[in-house]
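Here is the structure we will look at, set down as structure tokens.
Next up, the structure:
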């Protein structure tokens, strides 16, 4: 531990980038889950899914 700071004092941190601030916001979770949902729906609707499913 550095003797420059008093015990219990917070260590100064570098300012966060815009991406890091966005990643820590609730909007990141909404955008991530929304995009994964849309990608899943697009995959299910695609001809690739038809080729993978067995013919009943």
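Numbering (our numbering), first residue to last: 2 to 57.
Glycine included, each C-beta is placed from N, C-alpha and C at the ideal position.
The structure displayed is predicted, hence computed values, not measured ones.
What's the gap between the Cα of residue 37 and the Cα of residue 30? Along the chain shown, read from residue 1 onward, the residue named residue 37 stands at position 36. Along the chain shown, read from residue 1 onward, the residue named residue 30 stands at position 29. Going from the Cα of residue 37 to the Cα of residue 30 covers about 11 Å.
What is the DSSP secondary structure of residue 54, counted as helix, strand or coil? Here residue 54 corresponds to residue number 53 of the chain shown, with the count starting at 1. It is coil, neither helix nor strand.
Return the Cβ separation of residue 50 and residue 44 in integer angstroms, given the expectation that the two are a contact with Cβ distance under 8 Å. Residue mapping note: residue 50 aligns to position 49 of the chain shown, counting from 1. Residue mapping note: residue 44 aligns to position 43 of the chain shown, counting from 1. Residue 50 to residue 44, Cβ: 6 Å. Contact.
Taking the alpha helix (DSSP H) that residue 46 falls in, what are its first and last residues? The residue labelled residue 46 in the question sits at position 45 within the chain shown. Counting along the chain, the alpha helix (DSSP H) containing residue 46 begins and ends at 27-46.
Starting from residue 21, follow the alpha helix (DSSP H) in both directions and report where the run begins and ends. Locating residue 21 in the chain shown gives position 20, where the first residue counts as 1. Run containing residue 21: 19-24, per the alpha helix (DSSP H) assignment.
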